[in-house]
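Peer 1: Have a look at this one before I ask anything.
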Amino acid sequence: MILDAKDVHKSYTVAGSRTDVLRGVSVLLSAGESLALMGESGSGKSTLLHLVAGLDVPDHGKIMVETQNIAVPSDTARAELRRSLVGIIFQQFNLIPSLRVDANIAFQAQLAGRYDAQWCAILAKRMGLSDHLSKYPEALSGGQQQRVAIARALAAKPALILADEPTGNLDEDTAQTVLNLLLEITRETDTALLMVTHSAKHAGALDRQLTLRSGAIN
Ligand SMILES: Nc1ncnc2c1ncn2[C@@H]1O[C@H](COP(=O)(O)OP(=O)(O)O)[C@@H](O)[C@H]1O
Ligand SMILES: [Mg+2]
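For what it's worth, this note's numbering labels the leading residue of the sequence shown as 1, then goes sequentially.
As structure tokens, this is what we get:
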């Protein structure tokens with residue numbers, strides 16, 4: 001298994017009022033498998049993705065990514081695990097504005113000590129970015145920026161890609177193109193993909209679909 005999240009609980013308390021967002025969620029994902037995570041706004045999709053990414057810690061439960069539990073209290077330990085184990089794609093692209101496209105693609109792989117120039121060039125080519133490598137993100141369209149983010153997420157060769165509504169900011173044609181590229185490249189590289197989406201159509205293009213409802217998976 002690439003992802004084995006078991007009995008994950010997470011609640012938030014704001015101004016003394018507690019919300020149980022995840023009430024015992026379990027998810028399994030094997031190598032190269034793609035899973036669409038659906039559910040209404042506020043159902044906890046991003047919360048689950050953040051926990052799997054080690055951006056936050058569950059109240060209870062374990063989250064094994066490959067052989068490592070990323071659900072540990074230490075921020076530094078989680079950051080280190082995140083760098084080596086997962087690639088993350090956000091709805092808002094989150095590129096670094098002051099870095100050229102090539103440097104954006106390489107940035108996290110370099111931080112993780114896993115930079116491979118040849119692989120970055122292959123990814124850029126596959127994402128149709130070869131002619132844009134010396135540009136800055138602001139000069140690119142939304143679809144191009146998200147393709148940079150996909151290349152960046154894959155640059156360190158993680159076993160798991162987490163994508164939170166990666167096409168939510170794109171028009172439908174561009175969304176379809178970006179989704180197809182993401183699915184092609186994760187399948188070719190045997191990378192597991194956990195993707196949040198609102199679109200039943202997009203979800204249907206992935207291997208499996210799950211829905212979060214009332215803090216549980218149905
Ligand atoms: N950091 C946080 N602090 C307090 N409440 C939060 C936080 N993150 C999320 N929530 C709450 O948790 C619930 C689930 O949010 P989220 O995971 O973002 O849902 P989704 O991504 O499915 O729309 C919402 O009620 C949201 O307000
Ligand atoms: Mg969300």
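The beta-carbon is built from N, C-alpha and C at its ideal position, and this holds for glycine as well. Given the structure is predicted, the values throughout are model-derived calculations rather than measurements.
Determine the DSSP secondary structure at His198, reduced to helix, strand or coil.
Peer 2: Correct three-state label for His198: coil.
Peer 1: Please name the residue in Gly32, Leu37, Cys120, Gly44 whose C-alpha comes closest to that of Ser11.
Peer 2: When only C-alpha atoms are compared, the closest one is Gly44.
Peer 1: Between Leu193 and Leu37, is the Cβ-Cβ spacing less than 8 Å?
Peer 2: The answer is no: Cβ separation not under 8 Å.
Peer 1: By the 10 Å Cβ neighbour count, where 16 or more other Cβ atoms means buried, how is Gly54 classified, buried or exposed?
Peer 2: With 16 or more Cβ atoms within 10 Å of its Cβ, Gly54 is classed as buried.
Peer 1: Using C-beta distances below 8 Å, list every residue in its chain close to Arg208, excluding the 5 sequence neighbours before and after it, in chain order.
Peer 2: So the qualifying residues of the chain are Glu33, Ser34, Leu35, Ala36.
Peer 1: Does Arg213 come out as helix, strand or coil in the three-state DSSP assignment?
Peer 2: Strand, per DSSP.
Peer 1: Going by DSSP in three states, Gly168 sits in which element: helix, strand or coil?
Peer 2: DSSP places Gly168 in coil when its eight states are reduced to three.
Peer 1: Can you give, in chain order, each stretch of the beta strand (DSSP E) that sits fully within the region 61-127 and has at least 3 residues?
Peer 2: For the region 61-127, whole beta strand (DSSP E) runs of length 3 or above, ordered along the chain, are 86-89.
Peer 1: Start and end of the beta strand (DSSP E) containing Gly24?
Peer 2: 17-29 is the extent of the beta strand (DSSP E) around Gly24.
Peer 1: Pull up the CB-CB distance for Thr189 and Leu133, whole angstroms please, since I reckon it's below 8 Å.
Peer 2: Wrong, their Cβ atoms sit about 21 Å apart, outside the cutoff.
Peer 1: Consult DSSP for Asp59 and reduce its assignment to one of helix, strand or coil.
Peer 2: If DSSP states are grouped into helix, strand and coil, Asp59 belongs with coil.
Peer 1: Taking DSSP as the reference, what is the three-state secondary structure of Asp207?
Peer 2: DSSP places Asp207 in coil when its eight states are reduced to three.
Peer 1: Can you tell which of Ile89, Val52, Ser30, Thr191 has its C-alpha closest to the C-alpha of Val8?
Peer 2: It is Val52 whose Cα lies nearest to the Cα of Val8.
Peer 1: For ligand 1, is there a heavy atom less than 7 Å away from the beta-carbon of Ser46?
Peer 2: Under cutoff, so the answer is yes.
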